[in-house]
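Read through the structure below, which is laid out as structure tokens, and then see the notes.
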Amino acid sequence: MTAALVSLSTSDSLERGYLLFPPAGGNSQAFDALAGAVDADVRAFEYPGHGGRLAESPASSLEELATYLAAATPKAWFSRSVTIGFGMGAFVALETAQRLDVAPGALVVVDACAPQRRSPDKNAKAGASAMGRVFGRTGLTPVAGYRDSPECWEYALDLLLGDLQLLNAYRGPARTRLPCPIAAIRGADDPASTSGDDATGGWRVWTSGPFVGRVVPGGYLGVLDSGREAAFWARIRRLEAAFVGAEPEVA
Numbered sequence: 004m005t006a007a008l009v010s011l012s013t014s015d016s017l018e019r020g021y022l023l024f025p026p027a028g029g030n031s032q033a034f035d036a037l038a039g040a041v042d043a044d045v046r047a048f049e050y051p052g053h054g055g056r057l058a059e060s061p062a063s064s065l066e067e068l069a070t071y072l073a074a075a076t077p078k079a080w081f082s083r084s085v086t087i088g089f090g091m092g093a094f095v096a097l098e099t100a101q102r103l104d105v106a107p108g109a110l111v112v113v114d115a116c117a118p119q120r121r122s123p124d125k126n127a128k129a130g131a132s133a134m135g136r137v138f139g140r141t142g143l144t145p146v147a148g149y150r151d152s153p154e155c156w157e158y159a160l161d162l163l164l165g166d167l168q169l170l171n172a173y174r175g176p177a178r179t180r181l182p183c184p185i186a187a188i189r190g191a192d193d194p195a196s197t198s199g200d201d202a203t204g205g206w207r208v209w210t211s212g213p214f215v216g217r218v219v220p221g222g223y224l225g226v227l228d229s230g231r232e233a234a235f236w237a238r239i240r241r242l243e244a245a246f247v248g249a250e251p252e253v254a
């Protein structure tokens, strides 16, 4: 059985590690190329019912998923890691961090509007064919590679739709600020970011520490496109440097 926390890359470096939370429809394997492009300890969560854990029942709610992942998180390592959530993974990361009595070194959220600015029922009535058109057009990384196989494409869409049901039922976290820095990144061409920087900047209220918001080239999860791995880590390093000089939010 695949463990909830999967080690993707190890390093002798004493620098902090990175903990990755997959987007809707994603699994830890989607991060293989990304993890191979950095000299660091990189780990990712494998959600129940995903990837190597297909035989397990998926979580019945996003909150249940976060509770499960929090129990599988080594606190000492988590406290010095940069936690990075992609899409739905941003909310899972926030919920997981709120369930632990230690905060990560920093939280980075990618292509996810702030929880309080979401439209939870936006995709509630969408069918598989509709979601296939939407996510195919935006180049969603977790399902894009399955197009040539009808069976794999159907599997990927089922996985995606299951995660979207969790996301649609999610009403947002309790209003508990994290003491760690938060950075919010969004793609300039992400069609889901029609509300613009306001939706990304809304993550500011979820930290009592420094906040940094960035708009980057590309569409939804474009930071995960093949060939952009080095650029992604360079951006993360710059965010870490920005945290050092940033002022915390006033409570």
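First residue of the sequence shown: 4, per the numbering used here; consecutive thereafter. For every residue, glycine included, the Cβ atom is placed at its ideal position computed from N, Cα and C.
What is the rounded straight-line gap between the Cα of residue i and the Cα of residue j?
i    : j    : result
L29  : V247 : Per the sequence shown, residue 29 should be read as Gly rather than Leu. About 32 Å.
G55  : Q32  : 9 Å
E67  : V95  : 10 Å
V113 : G222 : 11 Å
S64  : G90  : 16 Å
D228 : L37  : 9 Å
S60  : G165 : 11 Å
C116 : P176 : 13 Å
F24  : A234 : 19 Å
A58  : A159 : 15 Å
V218 : R238 : 11 Å
P26  : A73  : 17 Å
A75  : G190 : 31 Å
Any idea if residue i is buried or exposed, counting beta-carbon neighbours within 10 angstroms, 16 or more meaning buried?
i    : result
D161 : exposed
D193 : buried
E157 : exposed
D42  : exposed
S12  : buried
Quick one: what does DSSP say residue i is sitting in, helix, strand or coil?
i    : result
R19  : coil
R180 : coil
G205 : helix
L224 : coil
A38  : helix
S12  : strand
V105 : coil
R174 : coil
A75  : coil
L169 : helix
T141 : Below a pLDDT of 50, predicted positions are generally treated as unreliable, and T141, at 42, falls in that range; no measurement from the model is reported.
R46  : strand
Does the Cβ-Cβ distance between residue i and residue j come in under 8 Å?
i    : j    : result
Q101 : G205 : no
T86  : L22  : yes
T210 : P184 : yes
V105 : S84  : no
V208 : A186 : no
A62  : Y50  : yes
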